Amino acid sequence: MPTLGRRSGALSLAVALGALSAHAGTPARVDAQVPAQAPPALQAAATPPQQTSVPPLQAPIPPAGRLVAITNATVLTASHGTIERGTILIRDGRIAEVGTNVQVPAGAQVIDGTGKYVMPGIIDSHAHTGIEAVNEGSNSVTSEVRVEDVLRQDGGGIYRELAGGVTTIQVYHGSANTIGGQSSTLKLRYGLPVDSLYFQGAPLGLKFALGENVRQTNYQPQPGQPRRYPLTRMGVEEVLRDAFTRAQAYRREWQAYETARRAVRRGQPEPLPPRRDLQLDPLVEILEGRRLAHVHAYRAEEMLMMMGVARDFGFRVASFEHGLEGYKIGNELAAAGTGVSTFSDFWAYKLEAWDAIPQNAALMAERGVVVSINSDSDERSRRLYQEAAKTVHYGGASEEEALRMITLNPARQLGIEGRTGSIDVGKDADLAIFNGHPFAPGSRVEKTLIDGRVFFDRDRAPTLENLIEQMRRQQPRQGGRPVTSAGGAQ
Amino acid sequence: MRSLPVSRTSSILLASLAILAGPVAAQDGPWALTNARINTVTRGVIERGTIVIRDGLIAAVGPDVAAPADARVLDLTGRTVFPAFIDLTSSIGLPSTPAAPAGRPGAAAAATSEPANVGLEPDRIVADELRPSASDVQAARDAGFGAVLTAPSRGAFRGLSALVPLRDSLAGRHVIRSPVALHMGFQSAQGRYPGTLMGVIAYERQAFYDARRQGQVLERYRASPRGMERPAYDARLNALIPVVRGELPVLFAASSENEIRRALAMGREFNLALTVVGAAEGFRALDALQVSRRPVVVSVDFPRPTEVTGWTFRAGQRLPLNDSASADSAARRVIEGNAAALNRAGIRFALASGGSLRGAEVVTNVRKAIAAGLPRDVALEALTIRPAEIAGVAEQLGSIEVGKIAHLVVAEGEPLTDSAKVRAVFVDGVRYEVVAPAAGARGGARGGGAGAAAAQVAGTWSVTVNTPQGSQSMTMTLTQDGTAFSGTMNSEMGTLPVAEGQISGNSASWSITVPMGGQSMTVNFRGDVEGNRMRGTAELGAFGSAPFTAEKNP
Amino acid sequence: MKRSLRIAAAALVVALVPPAHLVAQQTVAQPAAAVAIRNATIVPVVGPRVTGGTIVLRNGLIEAVGANVTVPAGAQVIDGTGLFVYPGLIDSGTRLGLTEIGSVPGGEDTQELGDFNPHNDALSAVNPSSEIIPTVRVNGVTTAITSARGGVIAGQAALIDLMGWTPQEMGVLPRAGMVITFPRIRSGRRFGGEGGQQGAEAQAEEVNRQTRALRTYLTNAKAYAEIKARLAAGAPGTQEVSLPMEAMVPVMRGESPVIFEVETAEQIRGALAIADSFRLRIILRGARFGWQLADTLAARRIPVIVGPTVSSPDDRDPYDAIYAYPGVLARAGVKIAFQTDNASDSRNLAYNAALSTAYGLDPEEALRSVTINAAQIWGVADRYGSLEVGKVANVIVTTGDPLDARTQMRHIFIRGQAVPFTDRHDRLYQQFRARPRS
């Protein structure tokens, strides 16, 4: 039976059950083994940091960003260069001041940025995070479905994106059909209910898709189930033109109804309104420029086709998503004012990605196309800063340009550049604080703020280091070789 | 039938003829239930009173009612009588939704190449399809249920429900009310549009817009058809017109927080008379439910903690090690406290089975809800008068009042207490005796295995651990769910959660983690349960083990 | 010859000679006697950096390297001012040469049918003309392990240099290790869901069955090897040749290591138990939860191929688990080397390691884990993995740290031959860069 050490304030259960071996100096071995011989005398051990207890099924909600200052950091503004030893003052969720001579008022929550880099919160302009369904692929045209109807606020994917410095995401319907569904722009306010995730005032969007996914050429249909039209790229064009033609007719119907209604005289019956068609409503909004068209496309000819359709029907494609062959038609894209949201270097996974090159982004940018780098994947979303760095490597984009590809450029493509995407007075305080330049190896996110609230803080986050430390504390050990602790990371 | 003193045989004969001839009539003649403690639900408790049942209805109730001469008298001294429960979430009598598309009985079976419409049938009349199994009826009735609202359990537009009494040989003509409501949900169709939740919501919204317009078009056509293009005949659209006018209520199956909000949003968009059914996460959407000012049907088919919205928020928190067990019990408490939370928020609700739980399990779970803070009388109302109100039959059912249908439970003990035992259930005035199951069996929780042989450890125990340093006393309070249990151990160290409580046959095992100034130690207990006693061993990590005994407080 | 005929002949010759950039495996014309990179920062990996140093490559080997190296006469001299010289990077797990366009089955040789295919050797299926290989080597990866996956035993992995006219020429180790995947739960949700309890039990039973099948297979292989040895020593009798069993013989004798694909701590323990039962030499690959057994692995000197770090942890794991586990292993004393488990993504090998340096992996160790550690694990440290005299001249000349995504490659040598920067991507880039602006 182990010997008991003296302990002030003896707890009777502890006495009855025996003493714990506690040797604050020697970290225990990480892996669980059968414990060895008699433990040494008890020593007073340090108490762990107090965990504010969170009720079950909730997440801790950060306090509102009433008055926050990030001081003495390297500020990468994305819009007007880099400010060394700069301070950012945040008031009521907005950036109030940025510069080297900012006075920090009393009562401000101060985040010491010495040695840190602050950049605008990353905007991932192509995500499928936080939704309970991705593809209503049963019919070719399903513009009536809305991603906002299936949002879910508690996914781990959202948290991990915050941990990668992402503050805003554009959530899209998938690419299973030609006209997929209405998109949603969100801020990653983790822990709050779904209604609080919306990016208030962001423009409306509709997702289109062209190419192999839509044609379903990369998988076999179920036995007994016929293939869904269209099978060819020509068919895809036909579906688009047909849908917009119907939308034009629908619009004329409603205009005629409005005219007739206004012309009704007293005593005459009011005309019956036409059928309200939820599928055609968003297409009419696109025709009238009140909704942005975002089009998943890979090949140059299908992008040209889509721009032709847009021209014929009188609207502009806001962005091509992926656009891996965009570098071939930089002239046309720039002339049309259409942006491209693409991967840095992902290729070779299907035929339409065979001509993809990692210099795509830089080459298009050279031609004046607004280019952003996106993830299309929860996993890639959390390291978009490294993806953007690759555009410096391939094609020689400048670091400033590369930074804009994950901040100001996606903001422009989504129509939210007035509110976010750079560190400018008046914009939302959506910021990511790194322990080094975001493009340097060895850099990671320390804090992520949205509207001035800290939604991710590595000091409070569940990390592997922290888990190992906990396991070590729970399995006190004696002897064994002193391991240079896994808890002593940078 | 007149209450003439005739011989028993002839009264039975007359009763049988009456059934063949005309309206539904009680079989066993008039009843007088005397000397009972009567909980009327709406008019208070009568300590000792009499209920007279005649023609399937409550003819009289009160402390001074005399038993009529032609009535069979039941002396219910020591027994309680309360209204039979009403479950609004049943699918009794309907075929279980097939995995492959298949038509409903009577409809042409769809060929596999044709898209099926299962789940997209707002015009499906449940009352026309009833074919209930006797065991289903009995299982619900034996737990104290007298009537259920039956509707298909999956789909977007599921059909028009019927309120049916739980009598043997239940047939369409016994239906109490049909249609009660249009039942809706968020499940997609098989192999066709809409295939996802997104599609279902869009489909439902489009259907409502179309129904609204169809209503206007039909009105205009009926008023003056000349010169007007004839509107297409569409049975499904026509069935939706009263819904979109608010004349026919909607019962919308929505369980998670987001489902509740989505359902309420649809109700607002189209001004539907919408009632949320399920609401297992109602505690996460109290604001929306309060604002809607509509009652809610709350299922007691508790989801597992890992399935509830918010469980995965753990991904963003530093948590103590091995804390999933205590987080699990903490979450369970919140989940079981759902109804109590709605009650505190001033929301009116009915309790319901949720569609999958068998009768006895429902009562068990209602008791858990009560243990979690729901007042017992509110729970009783939620099983009786509230569902009657929601189903539009408050004038006929849900309480013991003169003129209402005689749906009653005769029980030992107060309703919804641990000691309550249902002895008989009256449905439409017909008495069904309940053969009591073995004491202690709880109907078998899902996923468990030990059945009637599982040891029962719920309750409060005094535990004594005998270490060489002396014996140490603790109290332990446990609740049990099938073969798992949880609770707390109290001592001078404070209150510690019981983790990983498991029953296997007669043995019980669990652990506690004792924090001690920055360190902690896990103590594992394993013991054999014999009735109210337990004995076994406590493992103290590196420091060996110590025997323990425990005795449960009666 | 008449002038017009001469011109025509010249044109014909030009037309017939394939343009240099179309030959994926092109090497430059026979270089000068030696190549020297002068006045650069030399990073040998096994020793301290040398600023203003020189490295000389000749006959496919490193002839000299250091501070005071004389450039031999006639050498092709590259000015290394402002540049850095590193050993070529080694990717310890890829499918290079065995896959091309993922969605086109004709080019996919990464997974065979059946569970037990020890006699499948990856090397002979490697396509030296894969378009992917040049795109990888221009980012500094000069050597890689490539193998099939799937089943229980997938066959022999090969260590290849990313240059050569034939697979055999590319091969450094035709048989680098036997790929075995520890049985695992293939699908199904971990929490609740339909079938919860029963589903989990059924899956556990299936994993047990597969583990027993693997043990049985190894037992049979051991018996086969013993009989073969006895017969070879002169004992009478015959043994029917079984190709799969023949392939297992060097593994059972401990001559060829097993590359054990594992993930959870339970699988790792299972792999260690099998290694003990059959006295196998094992290298763990993947081992995402290896951090739970870091000390055991270090004590037993079991190397671990870590990565890819471009992968998501489960919801119940800490958010940085995948990034941080290589560092945990390294600090405990485990020898680690990185893999990308990919082909087109193999060029991102160094960036995988870079992500780990942000979460606890020492940058020097990270560099070792894509150079010398890999060479040591694969048993070729006498020839690869560092800048030392006598080693194979796999050398990269860069503008900075290869782990930094902004760094450019300026020169790459594989076996002393210069790698042309004319991969598919560069060709398309140049072609469309030249498109006139409208």
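Chains as they are written, first to last, in my numbering: chain G, 1 to 490; chain C, 1001 to 1554; chain R, 2001 to 2438. Even glycine gets a Cβ: it sits at the ideal position worked out from N, Cα and C. All of these numbers come straight from a predicted model, not from anything done at the bench.
Among G:V369, G:K187 and G:E379, which residue has its Cα nearest to the Cα of G:R404? G:V369
For R:A2204, is the classification buried or exposed, using 16 other Cβ atoms within 10 angstroms of its Cβ as the cut-off for buried? Exposed.
Are the C-beta of G:T338 and some C-beta of chain C separated by less than 9 Å? no
Neighbourhood of C:L1540 by C-beta, 7 Å cutoff - its chain only, sequence neighbours within 5 removed: By the criterion of a C-beta distance shorter than 7 Å, C:L1540 is surrounded in its chain by V1523 and A1546, once the five residues flanking it on both sides are discounted.
Leaving out five residues before and five after C:E1381 in sequence, what residues of the same chain have Cβ atoms less than 7 Å from its Cβ? The residues are V1041.
Counting C-beta neighbours from all protein chains within 10 Å, is the total for R:Q2156 16 or more, i.e. buried, or is it exposed? buried
Quick one: which unbroken beta strand (DSSP E) runs of 3-plus residues sit fully inside the region 2066-2116 of chain R? Chain order, please. Taking only runs of at least 3 residues, the beta strand (DSSP E) segments lying wholly in the region 2066-2116 of chain R are 2076-2079, 2084-2087 and 2089-2094.
Are there three or more Cβ pairs, one per stretch, closer than 8 Å when the region 2067-2079 of chain R is compared with the region 2093-2112 of chain R? no
Let me see if you follow: with CB-CB separation under 9 Å, is R:Q2168 close to chain G or not? no
Given a threshold of 16 other Cβ atoms within 10 Å of its Cβ, counted over all protein chains shown, does G:H80 qualify as buried or as exposed? exposed
How many whole angstroms separate the CB atoms of R:L2349 and R:V2035, which I take to be in contact at a CB cut-off of 8 Å? So it is not a contact: roughly 24 Å between Cβ atoms.
So R:I2145 packs on R:S2092, CB below 8 Å; how close in whole Å? Right, the Cβ-Cβ distance comes to about 5 Å (below 8 Å), so this counts as a contact.
Taking 7 Å as the limit between beta carbons, can you name the residues of its chain near R:L2057, skipping five residues before and five after? Excluding positions up to five away in sequence, the list reads A2034, V2035, E2063, A2393, V2395, F2413 and G2416.
What residue ranges within the region 1180-1228 of chain C form continuous beta strand (DSSP E) runs of no fewer than 3 residues, ordered along the chain? 1182-1184
According to the Cβ coordinates, are G:A209 and G:V295 closer than 9 Å? Result yes, Cβ atoms of G:A209 and G:V295 sit closer than 9 Å.
For C:L1397, which option in C:V1052, C:V1297, C:A1066 and C:A1147 has the closest C-alpha, if you only look at C-alpha atoms? C:A1147
For a test of the three-state rule: what should DSSP assign to R:Q2156, helix, strand or coil? strand
C:Q1216 CB to nearest chain G CB: under 9 Å? yes
Once you ignore the five residues that flank G:E399 on each side, which residues in its own chain have a CB closer than 7 Å to its CB? Counting only Cβ-Cβ distances below 7 Å, and skipping sequence neighbours, we find V392 and F439.
CB-CB under 6 Å to R:D2341, same chain, minus the five flanking residues each way: which ones, in chain order? G2093 and P2308
CB contact below 9 Å: R:R2435 versus chain G: yes
Less than 9 Å between the C-beta atoms of G:E465 and R:G2360, yes or no? yes
Over the uninterrupted alpha helix (DSSP H) stretch that includes C:P1387, give me the two end residues. I1385 to I1390
Amino acids of chain R, ordered along the chain, whose beta-carbon sits closer than 8 Å to that of C:A1484: Within chain R, no residue comes near C:A1484; the closest Cβ sits about 11 Å away, beyond 8 Å.
C:G1103 versus C:V1118: straight-line alpha-carbon distance, rounded: With a pLDDT of only 39 at C:G1103, under the threshold of 50, the placement of this residue in the model should not be trusted, and no figure is reported.
Inter-stretch contact at 8 Å, needing at least 3 Cβ pairs: the region 441-455 of chain G / the region 328-347 of chain G: no
Candidates C:I1038, C:S1326 and C:V1276: which alpha carbon is nearest C:T1089's? Answer by Cα proximity: C:V1276.
Completely contained alpha helix (DSSP H) runs for the region 2344-2373 of chain R, where each covers 4 or more residues: 2349-2357 and 2363-2369
Determine the DSSP secondary structure at C:R1261, reduced to helix, strand or coil. helix
Using only alpha-carbon positions, find the residue among R:L2329, R:L2162 and R:I2132 that is nearest to R:H2425. R:I2132
Pick helix, strand or coil for R:N2208, following the three-state DSSP scheme. helix
In whole angstroms, what separates the C-alpha of G:R152 from that of C:Q1290? 22 Å
Name, please, each residue of chain R whose Cβ falls closer than 9 Å to the Cβ of C:T1275. Proximity of chain R to C:T1275 at the Cβ level (cut-off 9 Å) is not reached, the minimal Cβ distance being about 27 Å.
What residues in its chain sit with their C-beta under 6 Å from that of C:D1418, if we drop five residues either side in the sequence? none
Within chain G, partners of C:V1308 - CB distance below 7 Å: Residues of chain G passing the Cβ test: L57.
Any residues in the region 456-471 of chain G with a beta carbon nearer than 9 Å to a beta carbon of chain C? Which ones, in chain order? F456, R460, A461, P462, T463, N466, L467, Q470 and M471
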